[in-house]
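Asker:
2 protein chains.
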Amino acid sequence: MLIEVGISARHVHLSRKDIDILFGPNYQLSVFKDLKQLGQYAANEKVELIGPKCGLNSVRILGPERKKTQVELSATDCIKIGIPVVLRDSGDHKDTPSVKLIGPVGSIELEGGVIVASRHIHVSTETSIKEGINNGDMLCAKITGEREVIFGKVLARVDETFVDELHLDTDEANASFVKNNQKVEVYRCQK
Amino acid sequence: MLIEVGISARHVHLSRKDIDILFGPNYQLSVFKDLKQLGQYAANEKVELIGPKCGLNSVRILGPERKKTQVELSATDCIKIGIPVVLRDSGDHKDTPSVKLIGPVGSIELEGGVIVASRHIHVSTETSIKEGINNGDMLCAKITGEREVIFGKVLARVDETFVDELHLDTDEANASFVKNNQKVEVYRCQK
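Here it is as structure tokens:
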């Protein structure tokens with residue numbers, strides 16, 4: 013099947029508690045741009061991120077609020093700022109490194125929650141039935157073109173609210189020259 | 013067959029004329045570390061590189077001297093400093109972007125020569141005969157592990173002076189988590 017690619021640049025998801033600290037009590041994030049997944053948006057708000065070696069300016073917040081704050085960086089970013097590169101599915105913060113976040117009102121030393129996100133596809137329930145894909149399946153995605161790549165271990169996540177979309181990060185995009193919204197072939201990997 | 017990976021970080025090859033300008037007349041590059049390919053070395057010398065958006069400090073020179081100056085960057089670097097991402101085989105400078113180089117003695121505005129290097133393997137004549145590989149063959153390379161990737165369009169370059177080695181850049185390494193000197197499977201891609 014063909015699925016559109018969404019390339020994730022570095023970003024931060026914030027908990028209510030951390031928004032209060034960084035932006036002020038009861039501060040409400042504002043929508044810069046809606047994302048493809050229902051209810052998800054790039055916020056106007058940005059934070060500064062400080063690692064042991066250096067920092068990253070103007071890292072965008074993605075809304076809405078989450079239960080736990082999560083920072084998603086590329087491996088390139090992690091190496092640059094001096095933290096370990098730890099690959100995790102979204103929400104899995106076991107043994108993940110930390111950074112400091114600085115907002116306009118306050119700052120936080122996180123306790124973990126900085127991940128390089130595992131590649132994954134969001135699949136609508138409708139598409140999952142049509143294509144015979146189950147939640148948790150591991151698939152392959154082929155990027156054709158001058159820098160051809162087949163990505164393995166693409167986790168399928170099925171939900172009735174999901175819009176079909178393959179999420180890759182900037183390292184994966186730069187290694188394969190895939191573009192945002194490009195349609196790519198996703199299929200069961202051959203043994 | 014299994015081939016060792018060499019990960020290329022950003023670097024610059026300099027012509028004699030450009031060494032004269034950047035480091036002074038008849039300046040000789042000095043060896044910081046020998047590379048796997050015969051006669052190739054990382055030099056102690058570094059330059060600053062200036063793009064339209066920003067610069068990159070301390071970009072290492074690789075020796076020995078070449079006929080034409082060539083700058084090899086990752087796509088991530090190109091986007092950061094604000095130049096087009098142009099994929100080329102080493103030595104092919106047709107329609108490639110330019111940067112300014114600053115050395116301790118002088119500076120140069122290049123006229124092209126900044127490339128993102130096409131992935132390729134160096135193959136010894138001995139290995140090429142044993143494995144039935146011809147100069148110019150396009151192969152696949154599989155990186156196993158938690159961020160599994162199959163790289164397509166890996167150009168085989170055969171020469172009697174070559175040591176078997178798969179060259180990838182930092183974007184490709186960060187997208188696949190392959191490590192320097194890791195042995196990976198290289199084979200004819202299936203249709």
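The listed protein sequences derive, respectively, from chains A and B.
Numbered by the working numbering, the letters in the first sequence go through residues 13 to 203 in order.
Numbered by the working numbering, the letters in the second sequence go through residues 13 to 203 in order.
By construction, the Cβ of each residue, glycine as well, lies at the ideal position given by its N, Cα and C atoms.
Here the structure is a predicted model, which means the values were calculated and not measured.
Since B/Glu158 meets chain A, which of its residues come closer than 9 Å, beta carbon to beta carbon?
Answerer: To locate residue 158 of chain B, count along the second sequence from 1; it is residue 146. Result: Leu99, Ser130 and Lys165.
Asker: At what residues does the beta strand (DSSP E) containing B/Ser214 begin and finish?
Answerer: Lying before the first or after the last residue shown, residue 214 of chain B is absent from chain B, which here runs from 13 to 203.
Asker: Determine the contact status of A/Glu197 and A/Lys154, defining contact as a CB-CB distance below 9 Å.
Answerer: Here residue 197 of chain A refers to the residue found at position 185 when the first sequence is read from its first residue. Here residue 154 of chain A refers to the residue found at position 142 when the first sequence is read from its first residue. Cβ distance < 9 Å, so A/Glu197 and A/Lys154 count as in contact.
Asker: With B/Glu172 as the anchor, note down where its beta strand (DSSP E) starts and where it stops.
Answerer: For the purposes of this step, residue 172 of chain B is identified with residue 160 of the second sequence, where counting begins at 1. Looking at the DSSP string, B/Glu172 is not in any beta strand (DSSP E), and its letter there is neither H nor E.
Asker: Using 9 Å as the limit for Cβ to Cβ distance, is A/Ile127 near chain B?
Answerer: For the purposes of this step, residue 127 of chain A is taken as the residue at position 115 of the first sequence. So, not an interface residue.
Asker: For A/Glu206, which of A/Val117, A/Gly124, A/Leu151 and A/Thr173 has the nearest alpha-carbon?
Answerer: As displayed, chain A neither begins before 13 nor continues past 203, which places residue 206 of chain A out of reach and without an answer.
Asker: Would you mind telling me which residues of chain B sit closer than 7 Å to A/Asn186, beta carbon to beta carbon, in chain order?
Answerer: Taking the first residue of the first sequence as position 1, residue 186 of chain A is located at position 174. The contacting residues are Ser86, Ala87, Thr88 and Asp183.
Asker: Name the residue from A/Arg159, A/His105 and A/Val43 whose alpha carbon lies nearest to the alpha carbon of A/Gly75.
Answerer: If you number the first sequence from 1, residue 75 of chain A lands on position 63. Ranking the options by Cα distance to A/Gly75, first place goes to A/Val43.
Asker: Residues of chain A with CB closer than 8 Å to the CB of B/Val161, please, in chain order.
Answerer: As a position in the second sequence, residue 161 of chain B is number 149, starting the count at 1. By Cβ distance, chain A contributes Val161, Ile162, Phe163, Gly164 and Ala187.
Asker: Round the Cβ separation of B/Asp107 and B/Val117 to the nearest angstrom and send it over; I've been treating them as touching at under 8 Å.
Answerer: Within the second sequence, the letter at position 95 stands for residue 107 of chain B. Within the second sequence, the letter at position 105 stands for residue 117 of chain B. Contact doesn't hold; Cβ gap of about 30 Å is too wide.
Asker: Determine, using beta-carbon pairs with one atom in the stretch 30-38 of chain A and one in the stretch 188-197 of chain A, whether at least three such pairs fall under 8 Å.
Answerer: Cβ pair count under 8 Å is below three, so no.
Asker: By Cβ distance, which residues of its chain are closer than 6 Å to A/Asn56, with the 5 residues on each side in sequence left out?
Answerer: For the purposes of this step, residue 56 of chain A is taken as residue 44 along the first sequence, with counting starting at 1. If we look at A/Asn56 and ignore the five residues flanking it on each side, its Cβ neighbours are Ser42 and Phe44.
Asker: Check this for me: beta carbons of A/Arg159 and A/Ile133, under 9 Å apart or not?
Answerer: Taking the first residue of the first sequence as 1, we reach residue 159 of chain A at position 147. Taking the first residue of the first sequence as 1, we reach residue 133 of chain A at position 121. Cβ distance not < 9 Å, so A/Arg159 and A/Ile133 don't count as in contact.
Asker: Leaving out the 5 sequence neighbours to the left and right, which residues in its chain are closer than 6 Å to B/Gly157 when beta-carbon positions are compared?
Answerer: Position 145 of the second sequence holds residue 157 of chain B. Once the five neighbours on either side are set aside, the close Cβ partners of B/Gly157 are Phe189.
Asker: For B/Ser119, count the other beta carbons within 10 Å of its own beta carbon; 16 or more makes it buried, fewer makes it exposed. Which is it?
Answerer: For the purposes of this step, residue 119 of chain B is taken as the residue at position 107 of the second sequence. When all chains shown are included, B/Ser119 counts as exposed.
Asker: What is the DSSP secondary structure of A/Lys79, reduced to helix, strand or coil?
Answerer: Locating residue 79 of chain A in the first sequence gives position 67, counting from the first residue. A/Lys79 falls in the coil class under three-state DSSP.
Asker: Beta strand (DSSP E) containing A/Ser20: first to last residue?
Answerer: One-based indexing of the first sequence puts residue 20 of chain A at position 8. Here the beta strand (DSSP E) through A/Ser20 covers Leu14 to Ser20.
Asker: Would you decide whether A/Cys66 is buried or exposed? Buried here means 16 or more other CB atoms lie within 10 Å of its CB.
Answerer: Start at 1 with the first residue of the first sequence, and residue 66 of chain A comes out as number 54. A/Cys66 should be labelled exposed.
Asker: Please confirm if A/Ile133 has its CB atom under 9 Å from at least one CB of chain B.
Answerer: Within the first sequence, residue 133 of chain A is the residue found at index 121, counting from 1. So no, A/Ile133 is outside the interface.
Asker: Any beta carbon of chain B sitting closer than 9 Å to that of A/Ile91?
Answerer: Locating residue 91 of chain A in the first sequence gives position 79, counting from the first residue. Yes, because at least one Cβ of chain B sits closer than 9 Å to the Cβ of A/Ile91.
Asker: Identify whether B/Cys66 lies in helix, strand or coil by the three-state DSSP scheme.
Answerer: Stepping through the second sequence from its first residue, residue 66 of chain B is reached at position 54. In the structure shown, B/Cys66 sits in coil (DSSP, three-state: anything other than H, G, I, E or B).
Asker: Just tell me which of A/Asp171, A/Leu151 and A/Glu172 has its CA closest to the CA of A/Phe163.
Answerer: Numbered from 1 along the first sequence, position 151 holds the residue referred to as residue 163 of chain A. Here the closest residue by C-alpha is A/Leu151.
Asker: What are the residues that DSSP puts in a beta bridge with A/Ser119?
Answerer: The residue labelled residue 119 of chain A in the question sits at position 107 within the first sequence. A/Ile114.
Asker: Beta-carbon separation of B/Ala187 and B/Val166 under 9 Å?
Answerer: Here residue 187 of chain B refers to the residue found at position 175 when the second sequence is read from its first residue. Here residue 166 of chain B refers to the residue found at position 154 when the second sequence is read from its first residue. In this structure, B/Val166 does not lie closer than 9 Å to B/Ala187 by Cβ.
Asker: Could you tell me the alpha carbon to alpha carbon distance between B/Arg200 and B/Thr182, rounded to whole angstroms?
Answerer: Your numbering for residue 200 of chain B matches position 188 in the second sequence. Your numbering for residue 182 of chain B matches position 170 in the second sequence. When the Cα atoms are used, B/Arg200 and B/Thr182 turn out to be separated by approximately 24 Å.
Asker: Express the C-alpha separation of B/Val59 and A/Gly115 in angstroms, rounding to a whole number.
Answerer: Walking along the first sequence from the start, residue 115 of chain A turns up at place 103. Walking along the second sequence from the start, residue 59 of chain B turns up at place 47. C-alpha separation (whole angstroms): 35 Å.
Asker: Below 8 Å on the Cβ atoms is my guess for A/Thr81 versus A/His25; work out the distance and round it to an integer in Å.
Answerer: One-based indexing of the first sequence puts residue 81 of chain A at position 69. One-based indexing of the first sequence puts residue 25 of chain A at position 13. Sure, about 6 Å apart at Cβ, within 8 Å.
Asker: Counting C-beta neighbours from all protein chains within 10 Å, is the total for B/Leu50 16 or more, i.e. buried, or is it exposed?
Answerer: The residue you call residue 50 of chain B lines up with position 38 of the second sequence. Per the 10 Å Cβ criterion, exposed.
Asker: Quick check on the DSSP output: the beta strand (DSSP E) that includes B/Phe44 runs from which residue to which?
Answerer: For the purposes of this step, residue 44 of chain B is identified with residue 32 of the second sequence, where counting begins at 1. Per DSSP, B/Phe44 belongs to the beta strand (DSSP E) from Val43 to Asp46.
Asker: By a C-beta neighbour count over all protein chains shown, 10 Å radius and 16 as the cutoff for buried, is A/Leu61 buried or exposed?
Answerer: Here residue 61 of chain A refers to the residue found at position 49 when the first sequence is read from its first residue. The residue in question, A/Leu61, is buried, as its Cβ has 16 or more Cβ neighbours within 10 Å.
Asker: For B/Glu138, report the span of its alpha helix (DSSP H) as first-last.
Answerer: Position 126 of the second sequence holds residue 138 of chain B. B/Glu138 -> alpha helix (DSSP H) spans Thr137 to Glu143.
Asker: What's the gap between the Cα of B/Val126 and the Cα of B/Leu180?
Answerer: For the purposes of this step, residue 126 of chain B is taken as residue 114 along the second sequence, with counting starting at 1. For the purposes of this step, residue 180 of chain B is taken as residue 168 along the second sequence, with counting starting at 1. Approximately 17 Å, taken between the alpha carbons.
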